[in-house]
Amino acid sequence: IARHNMNSRAFAITGQRMADELKAGAPPGPASSMFKYYGTEQNKRKYELLLQAMGTAALGWEGEGFQEHELGITREWLRSKGNSIEGGTSEVQLNVIAKNVLRLPD
């Protein structure tokens, strides 16, 4: 939990720094791919951690025996998986990072 909280805070601070640079007129550059990838992966880790903490309460989709917030977390966990696919898959983002940020060959 502490590691997740530290990573989330570092991501937020770095995102704010990037936003400040954009406001100052700096171009977005390929770092936006790193933010998209990392943000998506961090979100997946958040919901996986929540599901681990919830135990069997995380197994519900609907019906009696599950509280509404438990069902919501389960649905958000599933949604976090879709986030890595839509709008540029994580694999595509990693390729952009490899080519444009790290300057690795094809």
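Under our numbering, think of the first position of the sequence shown as 2, with each following residue one higher.
For each residue, glycine too, the CB sits at the ideal point set by N, CA and C.
- With burial defined as no fewer than 16 other Cβ atoms inside 10 Å of the residue's Cβ, what is the status of Ile-1: buried or exposed? Here the chain comprises residues numbered 2 to 107, so residue 1 is not present and cannot be evaluated.
- Item | Phe-67 versus Gly-61 - alpha carbon distance | It is roughly 6 Å from the alpha-carbon of Phe-67 to the alpha-carbon of Gly-61.
- Message: Three or more C-beta pairs under 8 Å: does that hold for the stretch 71-91 against the stretch 42-57?
- Response: A contact exists between the stretch 71-91 and the stretch 42-57.
- Message: Output needed for Ile-98: all residues of its chain with C-beta closer than 6 Å, excluding positions within five of it in sequence on either side, in chain order.
- Response: Same-chain partners within the cutoff: Ser-34 and Met-35.
- Item | Rounded straight-line distance, which links the Cα of Arg-104 to that of Glu-71 | When only Cα atoms are considered, Glu-71 and Arg-104 end up about 44 Å apart.
- Task: Along the alpha helix (DSSP H) that carries Asp-21, what are the first and last residues, could you check?
- Result: Following the DSSP letters along the chain, one finds Asp-21 inside the alpha helix (DSSP H) bounded by residues 3-24.
- Residue interval of the alpha helix (DSSP H) (run including Phe-36): Going by DSSP, Phe-36 is part of the alpha helix (DSSP H) stretching over 32-55.
- Message: Less than 8 Å between the C-beta atoms of Pro-31 and Val-102, yes or no?
- Response: Yes, these two residues count as a Cβ contact at 8 Å.
- Task: Count the other CB atoms, across all protein chains shown, that sit within 10 Å of the CB of Thr-57; report buried if there are 16 or more and exposed otherwise.
- Result: Burial state of Thr-57 is exposed, judged by a 10 Å Cβ sphere holding fewer than 16 other Cβ atoms.
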